[in-house]
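For the sequence shown, the working numbering gives the first residue as 21, with consecutive numbering after it.
Beta carbons are placed, not taken as given, at the ideal position from N, Cα and C, and that holds for glycine.
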Amino acid sequence: MTRMRAAVVSAWSPLHVNDAEIPAINEDEVLIAVCTSSVGAVDRELCAGASSASLPIVPGMDVAGVVAGVGSRVTRFRVGDEVWCVAGDLRHRTMGAWSEFVSAAECRVGFRPTNLTFDEAGALPLVGLTALQAVRRGMLMPGNVALVLGGSGGVGVCAVQIARAFGASKVYATCSSKNIDLLRSLGAVPINYQTHDCWDDLDLDLDFVLDTVGEPGTLDKASKCLRPDGHFVSIVTSSDLGDDHRPPFNTHFICATCDDSNDLDELKALCEANELSVPIQAIFDLDDLPKALTLSPPLPR
Numbered sequence: 021m022t023r024m025r026a027a028v029v030s031a032w033s034p035l036h037v038n039d040a041e042i043p044a045i046n047e048d049e050v051l052i053a054v055c056t057s058s059v060g061a062v063d064r065e066l067c068a069g070a071s072s073a074s075l076p077i078v079p080g081m082d083v084a085g086v087v088a089g090v091g092s093r094v095t096r097f098r099v100g101d102e103v104w105c106v107a108g109d110l111r112h113r114t115m116g117a118w119s120e121f122v123s124a125a126e127c128r129v130g131f132r133p134t135n136l137t138f139d140e141a142g143a144l145p146l147v148g149l150t151a152l153q154a155v156r157r158g159m160l161m162p163g164n165v166a167l168v169l170g171g172s173g174g175v176g177v178c179a180v181q182i183a184r185a186f187g188a189s190k191v192y193a194t195c196s197s198k199n200i201d202l203l204r205s206l207g208a209v210p211i212n213y214q215t216h217d218c219w220d221d222l223d224l225d226l227d228f229v230l231d232t233v234g235e236p237g238t239l240d241k242a243s244k245c246l247r248p249d250g251h252f253v254s255i256v257t258s259s260d261l262g263d264d265h266r267p268p269f270n271t272h273f274i275c276a277t278c279d280d281s282n283d284l285d286e287l288k289a290l291c292e293a294n295e296l297s298v299p300i301q302a303i304f305d306l307d308d309l310p311k312a313l314t315l316s317p318p319l320p321r
């Protein structure tokens, strides 16, 4: 078998599901039969034409599936293993998960958490890795106080749980009114951004702020709440965060990468310890991906 079905963006026009070549694998790669993927912000951006990616391209970055083939130098995985990974590379705008098969370097693949379904595992790798690396970059320590802006988005939900797992004494998280109960169930202190300015509610020193939203002036506002040795981490490369105040704290801008499987293994351990999960909004078949993009906008954060 050399052909498969894949969702392909071949022009800046509606997504189409067509026949495509099953990817060949190099000696250090595995071929994965994709069981589930996700529809994320990066995918929406690409399908809407707001991307510098070269065409044609198969969108999709999250993968949960079964190993269907291994290269000659692959030692960790065998055909039939249940795995997960992030397909492609955000930095180079390569993807490929919205297909029946995808190839990935062995060093970028991990075993699927045993307590997650394929649907659950397929929604977690990219947002989970982003949150894990953000919390780690923020040097979060046991007893620290954290704030997650956009706490009910994909990265935010994961960051709240990871911060709690890392020992944060309190995790504040902004959200809309419909997601207050969700965040409270995850152990966060929700702040409804529709009725409150979170910066007015915070009269304490924060050790860590994670920005997943990128609203203008965020960095300046954070400077009034963060401790001098605190950390501000943003996954949004916005030029409008503000720079009126030179922050005395540490500032980081990150984009999730997965150069080896260690971070995926850490996510797996968090999941299997029941410290990390992600809510599923809806499930679509591959042929219904165009409908998913139209009818399933991101949840309010």
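Reducing DSSP to helix, strand and coil, say where S259 ends up. With a pLDDT of 48 at S259, under the threshold of 50, the modelled position of that residue is not reliable, and the figure given next carries that caveat. Correct three-state label for S259: coil.
ask   = Can you give the beta carbon distance from V99 to G108, rounded, assuming they're within the 8 Å contact cut?
value = About 22 Å; that fails the 8 Å criterion.
**Asked** If we ignore side chains and look at the alpha-carbon of each, how far apart do N38 and I52 end up?
**Response** 19 Å
Q) Excluding the five sequence neighbours on either side, which residues of its own chain have a C-beta within less than 6 Å of the C-beta of A312, listed in chain order? A) V59 and F304
Please confirm whether L35 and L306 have their CB atoms less than 8 Å apart. no
Whose C-beta lies closer than 7 Å to the C-beta of A143 among residues of the same chain, with five residues either side of it excluded?
-> S58, D82, V298 and I300
Q) If you compare alpha carbons, which of L230, T56, A179 and R23 is closest to A84? A) T56
- Query: Does DSSP classify V122 as helix, strand or coil?
  - Reply: strand
**Study point:** Three-pair Cβ contact test at 8 Å for the region 183 to 198 versus the region 238 to 254
**Key:** no
- Query: Beta carbon of L230, beta carbon of R247: below 8 Å?
  - Reply: Judged by beta-carbon spacing, R247 lies beyond the 8 Å limit of L230, meaning their Cβ atoms are not closer than that value.
Should G171 and P210 be called a contact, given that it needs their Cβ atoms to be closer than 8 Å? yes
Using the rule of at least 16 other Cβ atoms within 10 Å of the residue's Cβ for burial, across every protein chain shown, is D63 buried or exposed? Looking at its Cβ environment, which holds 16 or more other Cβ atoms inside 10 Å, D63 is buried.
Hey, which unbroken runs of the alpha helix (DSSP H) at 4 residues or more fall wholly within the region 28 to 82? Counting whole runs of 4 or more residues, the region 28 to 82 contains the alpha helix (DSSP H) stretches 61 to 67.
Item checked: Per-residue DSSP class, three states only, for C178 -> Of the three classes helix, strand and coil, the one that applies to C178 here is helix, per DSSP.
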